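Residue numbering for the sequence shown follows full-length UniProt numbering, starting at 1 and increasing by one per position.
C-beta atoms are modelled at their ideal positions from N, C-alpha and C, and glycine is treated no differently.
From a predicted model like this one, the values you see are computed outputs, not experimental measurements.
Only one structure is covered here, and it is reproduced in the block below.
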Amino acid sequence: MACAPVAAISAGGTAGVAGMTVPHGCAGRRRSLPIALHMMIPILPSLLRPFSLCICAALVCFAQQAAASVIVSGTRVIYPGGDREVTVKLDNNGAQPALVQTWLDDGDPRARPGTTKVPFVLMPPVFRIDPGRGQTVRIVYTGDALPQDRESVFWLNVLDVPPGVDETQSTTVLQLAFRSRIKLFFRPVGLNANGAIAAARQLKWSLAPAPDGKGHALRATNPTPYNVVVLSARVVHGGRTFSLSDGAMIAPQASHVFPLDAALPALPPGATFDYATINDFGTGVEWRAVLDDTR
């Protein structure tokens, strides 16, 4: 029997954890500390309130020590438009069996399986992986219309559900489920890996007003049909180093303004700086850029 969505695991990022329960018949009966707290709060709010910070701190510490047992091979999936299907390998590096659910979304991390219309089919969508074993997931393009002049981006979700709890245990057990999300790039016929490499160095960089109104930020414009993921950038000027506050993906024919960790003053004509992008293999590649506009 296919399991329904068991929890909203993460609001964003590439991985998340949450206390959860699984429908009967999927992984056995189990108890969940967050569910127990949810039932108790309406009854004893005054008693629980003083302990809320302690509970949150304990959950954070526990989550930091936990680790997903199911590992996705690679940090992104490239789907060439001319291919019949692509595959993704999952491995269970844990000591217990894992129930895994996979689905695709179009960018909304809160989307549940089956609620987003995407032109792909995953086979199998739900499966078990024994310890030390692996499972290959097939991703098949259904042929529904997608832009043929640029890449399209989707997200592959992998939910790792822990094994059932032994009902003979007398203690309450906190159950954690891990969800990983990685990008899937659909690359139409006519676009290829060499073009993706070239796109990374074809970014056009210029100065832009900083979002906080202090100094300047960096604007990157992507004139290519490829999605370019900028990992970092570093500007050295006047004996100081200015770095990006965070990276971002720049869509085809789009631009993005990157705030810096400090106010960047105006730069002299022809100023250069270094930046890094992520290639098809998930590896960072460094480039040297010249500002197109230093005003």
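Original post:
Three or more C-beta pairs closer than 8 angstroms, one from the segment 185-204 and one from the segment 72-85: is that the case here?
Top reply: yes
Subject >> For Asn-93, the first and last residue of its enclosing beta strand (DSSP E) >> reply: Here the question's residue 93 lines up with position 93 in the sequence shown. No beta strand (DSSP E) contains Asn-93, which DSSP labels as neither H nor E.
Subject >> DSSP three-state assignment for Asn-194, whether helix, strand or coil >> reply: Residue mapping note: residue 194 aligns to position 194 of the sequence shown, counting from 1. Helix at Asn-194.
Subject >> Nearest-angstrom Cα separation, counted from Arg-219 out to Ser-255 >> reply: Translated into the one-based positions of the sequence shown, residue 255 becomes position 255. Translated into the one-based positions of the sequence shown, residue 219 becomes position 219. Using only the alpha carbons, I get a separation of about 7 angstroms.
**OP:** Have a look at Ala-68 and Asp-160 and give me their C-alpha separation to the nearest angstrom.
**Re:** Here residue 68 is taken as the residue at index 68 of the sequence shown, counted from 1. Here residue 160 is taken as the residue at index 160 of the sequence shown, counted from 1. Each residue's Cα considered, the two are about 7 angstroms apart.
Subject >> DSSP bridge partner residues for residue 303 (one or two, in chain order) >> reply: The question about residue 303 has no answer here: the residues shown for the chain are numbered 1 through 295.
Original post:
Who does Gly-82 pair with in a DSSP beta bridge?
Top reply: Within the sequence shown, the letter at position 82 stands for residue 82. Answer by DSSP bridge pairing: none, since Gly-82 is not bridged.
Original post:
To which residues of the same chain is Lys-89 closer than 7 angstroms at the C-beta, ignoring the five residues directly before and after it?
Top reply: Taking the first residue of the sequence shown as position 1, residue 89 is located at position 89. Same-chain partners within the cutoff: Ser-73, Gly-134, Thr-136.
**OP:** Pull up the CB-CB distance for Leu-146 and Ile-182, whole angstroms please, since I reckon it's below 8 angstroms.
**Re:** In the sequence shown, residue 146 corresponds to position 146, counting from 1. In the sequence shown, residue 182 corresponds to position 182, counting from 1. About 19 angstroms; that fails the 8 angstroms criterion.
Original post:
Taking just the CA atoms, how far does Val-235 sit from Ala-262?
Top reply: Position 262 of the sequence shown, counting from 1, holds the residue named residue 262. Position 235 of the sequence shown, counting from 1, holds the residue named residue 235. Distance between the alpha carbons of Ala-262 and Val-235: 11 angstroms.
Original post:
What is the DSSP secondary structure of Arg-187, reduced to helix, strand or coil?
Top reply: If you number the sequence shown from 1, residue 187 lands on position 187. Three-state DSSP puts Arg-187 in a strand.
Original post:
The beta strand (DSSP E) spanning Thr-136 covers which residue range?
Top reply: On the sequence shown, position 136 is the one that residue 136 refers to. Looking at the DSSP string, the run of the beta strand (DSSP E) that includes Thr-136 is 134-141.
Subject >> Rounded C-alpha distance that separates Asn-194 from Asn-279 >> reply: One-based indexing of the sequence shown puts residue 194 at position 194. One-based indexing of the sequence shown puts residue 279 at position 279. Each residue's alpha carbon lies about 10 angstroms from the other.
Subject >> Coarse secondary structure for Arg-110, derived from DSSP in three states >> reply: The residue you call residue 110 lines up with position 110 of the sequence shown. Correct three-state label for Arg-110: coil.
Subject >> Buried versus exposed, by CB contacts within 10 Å (16 or more), Asn-192 >> reply: Position 192 of the sequence shown, counted from the first residue, corresponds to residue 192. Answer is exposed; the Cβ neighbour count stays below 16.
**OP:** Can you check DSSP and say which residues form a bridge with Thr-277?
**Re:** Your numbering for residue 277 matches position 277 in the sequence shown. The partner list for Thr-277 (beta bridge, DSSP) reads Val-230, Val-285.
**OP:** Determine the direct distance from the alpha carbon of Phe-273 to that of Leu-244, and round the result to whole angstroms.
**Re:** For the purposes of this step, residue 244 is identified with residue 244 of the sequence shown, where counting begins at 1. For the purposes of this step, residue 273 is identified with residue 273 of the sequence shown, where counting begins at 1. When rounded, the distance between both Cα atoms is 12 angstroms.
Original post:
Buried or exposed: which applies to Gly-94, given that a residue is buried once 16 or more other Cβ atoms fall within 10 Å of its Cβ?
Top reply: If you number the sequence shown from 1, residue 94 lands on position 94. Its Cβ being crowded by 16 or more others within 10 Å, Gly-94 is buried.
Original post:
Going by DSSP, which residues form a beta bridge with Pro-209?
Top reply: On the sequence shown, residue 209 is found 209 positions in, with the first residue counted as 1. Pro-209 pairs with His-216.
Original post:
Quick one: what's Lys-204 bridged to in DSSP?
Top reply: Within the sequence shown, the letter at position 204 stands for residue 204. In DSSP, Lys-204 forms a bridge with Thr-221.
**OP:** Measure the alpha-carbon distance for Asn-92 versus Arg-112 and round it to whole angstroms.
**Re:** Counting from one through the sequence shown, the residue named residue 92 turns up at place 92. Counting from one through the sequence shown, the residue named residue 112 turns up at place 112. Between Asn-92 and Arg-112, the C-alpha separation is close to 23 angstroms.
**OP:** Have a look at Thr-115, Leu-176, Gly-190, Pro-259 and flag the residue whose alpha-carbon is nearest the alpha-carbon of Gln-148.
**Re:** Translated into the one-based positions of the sequence shown, residue 148 becomes position 148. Cα-wise, what sits closest to Gln-148 is Gly-190.
**OP:** Per DSSP, which residues does Gln-101 bridge with? Please list them.
**Re:** Position 101 of the sequence shown, counted from the start, is the residue given in the question as residue 101. Per DSSP, Val-126, Leu-159.
**OP:** Classify Phe-281 as buried or exposed, calling it buried when 16 or more other Cβ atoms lie within 10 Å of its own Cβ.
**Re:** Start at 1 with the first residue of the sequence shown, and residue 281 comes out as number 281. Exposed.
Original post:
Taking the alpha-carbon positions, what's the Val-70 to Leu-207 distance?
Top reply: By one-based count along the sequence shown, residue 70 stands at place 70. By one-based count along the sequence shown, residue 207 stands at place 207. Straight-line Cα distance between these residues: approximately 43 angstroms.
Original post:
Gln-135: beta carbon under 8 angstroms from a heavy atom of the ligand SAH?
Top reply: Absence of the ligand SAH from the depicted structure is noted, as is the absence of any ligand whatsoever, leaving it without description.
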